[in-house]
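Before any comments, here is the structure.
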Amino acid sequence: MSNVRPESMERITTEALAQAFIAEQVAAVKAQVGDKKVLLALSGGVDSSVVAALLIKAIGKNLVCVHVNHGLLRKGEPEQVIEVFRNQMDANLVYVDAVDRFLDKLAGVVEPEQKRKIIGAEFIRVFEEEARKQDGIEFLAQGTIYPDILESGPVKAHHNVGGLPEDLKFELVEPLKFLFKDEVRVVGKALGLPDNMVFRQPFPGPGLGVRCLGAITRDRLEAVRESDAILREEFAKNGLEGKVWQYFTVIPDFKSVGVKDGKRSFEWPVILRAVNTKDAMTATVEDVPFALLQHITARITAEVKGVNRVLFDLTPKPTGTIEWE
Ligand code: XMP
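Structure (structure tokens):
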């Protein structure tokens with residue numbers, strides 16, 4: 001099949017155009033897979049979620065969704081995947097709690113590239129094990145979108161479950177492969193997915209693993225997850241959700257002295273990052289109101305275990321990158 005978006009294809013900007021696209025793709029998927037089973041790695045990100053919702057509409061329980069919780073997801077994400085897909089859409093969803101596996105493999109690993117490699121390789125291993133438990137799978141669905149094919153920009157979604165062994169090479173089902181991100185969101189909304197899933201900010205494949213600097217430990221991972229949840233909650237309450245392109249917290253692997261309950265305490269700092277960009281090649285820092293920064297600082301130092309300072313990263317890209325790694 002061609003990998004070039006047909007020139008005749010209209011840009012999907014409205015609910016009506018999205019519904020027409022959905023009807024067309026439902027028919028195409030039915031024609032491609034018939035009554036065979038399709039496997040999908042469902043991360044809960046925008047693209048895999050939209051593929052899942054579309055395929056559930058087309059083939060129901062013949063879509064087997066595998067959600068791997070590698071322990072590096074944001075607070076509430078695995079629960080939302082279960083709620084939306086298993087409870088609301090009645091999907092055939094396999095939830096794999098692989099938290100210990102991933103964290104054991106990552107223990108003591110400091111080098112960022114090495115951490116990424118371990119996360120990627122372990123993901124394939126877990127997915128392969130789950131694929132082997134399923135009978136009669138002939139197809140693999142992927143949330144490939146057009147920018148992945150064009151390979152434009154550094155925001156590369158790591159959808160492709162490449163590296164599966166020969167006997168598990170399935171035929172691909174890629175219903176979104178000619179869509180741009182904004183079109184995927186319009187289609188996701190038309191499929192009834194919740195806004196906070198469809199309009200999610202970008203989140204790297206290795207997840208919080210790139211925001212827990214140095215060797216990942218469970219206590220620091222928890223601190224980055226909890227502080228990220230507070231930041232997101234406060235941005236949502238204060239009208240910044242959907243306005244700021246990407247915002248998150250980072251936890252470095254050093255401690256500094258502070259004072260808590262009248263005693264000196266050696267604890268970690270948490271770094272806040274909030275940036276705007278068009279293409280992630282360059283980025284500017286959001287001018288977050290100072291009072292809000294103070295409020296977030298107060299909440300994080302009071303509510304997140306092991307943290308005694310909060311810093312705000314004022315660095316645009318360049319010279320900084322968006323993530324810290
Ligand atoms: P940097 O840090 O290079 O990030 O300025 C640019 C954008 O890319 C995202 N990012 C990733 N996305 N897998 C992804 O899907 C990754 O491994 C990855 N690493 C960085 C980052 O969040 C930012 O939006």
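Each residue of the sequence shown is one higher than the one before, starting from 1 at the first, in UniProt numbering.
Here a beta-carbon is modelled for each residue, glycine too, at the ideal position from N, C-alpha and C.
Just so we're clear, the structure is a prediction, and the values are computed from it rather than from any experiment.
Per DSSP, the beta bridge partners of Leu311 are Ile271.
In the three-state DSSP reduction, Asp195 falls in the helix class (H, G or I).
Contact between Ile145 and Gln246 does not hold, since their C-beta atoms are separated by about 18 Å, which reaches or exceeds 8 Å.
At least one heavy atom of the ligand XMP is found less than 6 Å from the C-beta of Pro204. For Phe85, there is no enclosing beta strand (DSSP E), as DSSP marks it with neither H nor E.
The beta-carbon distance between Gly242 and Phe199, rounded to whole angstroms, is 6 Å. This is short enough to meet the 8 Å contact definition. Between Leu42 and Ser49, the alpha-carbon positions lie close to 6 Å from each other. Ile137 has Lys37 as its beta-bridge partners, per DSSP.
In the DSSP assignment, Ser256 falls within the unbroken beta strand (DSSP E) covering 256-260. Taking 6 Å as the cut-off, the C-beta of Glu128 does not count as close to any heavy atom of the ligand XMP.
Setting aside the 5 residues that flank it on each side, Ile118 is surrounded in the same chain by Lys105, Leu106, Val109, each with a C-beta closer than 7 Å to its C-beta; the list follows chain order.
Linking Ala28 to Ala229 through their CA atoms gives a straight-line distance of about 39 Å.
Contact between Arg225 and Arg74 holds: CB atoms are separated by about 7 Å, below the 8 Å threshold. Straight-line spacing of the CA atoms in Leu54 and Gln25 works out to 8 Å. The C-beta distance from Leu72 to Pro202 rounds to 15 Å, too long to fall under 8 Å, and the pair is not in contact.
A check of alpha carbon separations from Leu103 across Phe123, Ile251, Gln88, Glu151 identifies Phe123 as the nearest. In this structure, the C-beta of Ile119 stays at least 6 Å away from each heavy atom of the ligand XMP. For His295, the three-state secondary structure derived from DSSP is helix. For Pro318, the CB contacts under 8 Å within the same chain, skipping 5 residues up- and downstream, are Thr282 in chain order. Checking the 6 Å criterion, the Cβ of Thr321 is within range of a heavy atom belonging to the ligand XMP.
Of all C-beta pairs linking the segment 174-194 to the segment 34-41, fewer than three are shorter than 8 Å, placing the two stretches out of contact. Taken through DSSP and simplified to helix, strand or coil, Ser2 comes out as coil. Assignment of Glu151 by DSSP, reduced to helix, strand and coil, places it in the coil class. Excluding residues up to 5 positions away in sequence, Ile12, Val186, Val187, Ala190 lie with their Cβ nearer than 6 Å to the Cβ of Ala18 in the same chain.
Sixteen is the threshold: since fewer than 16 other Cβ atoms of the shown chains lie within 10 Å of the Cβ of Gln88, the residue is exposed. In the same chain as Leu314, and ignoring 5 residues on each side of it, the C-beta atoms closer than 6 Å to its own belong to Val285, in chain order.
A Cβ-Cβ separation of about 6 Å places Val307 in contact with Ala223 under the 8 Å criterion. Between Asp47 and Gly120, the CB-CB gap reaches or exceeds 7 Å. Distances between the C-beta of Ala280 and the heavy atoms of the ligand XMP include at least one below 6 Å. In this structure, DSSP gives Arg211 a state outside helix and strand, which the three-state scheme calls coil.
The Cβ atoms of Ala274 and Val288 lie closer than 7 Å to each other. Buried is the label assigned to Glu183, since at least 16 other Cβ atoms lie within 10 Å of its Cβ.
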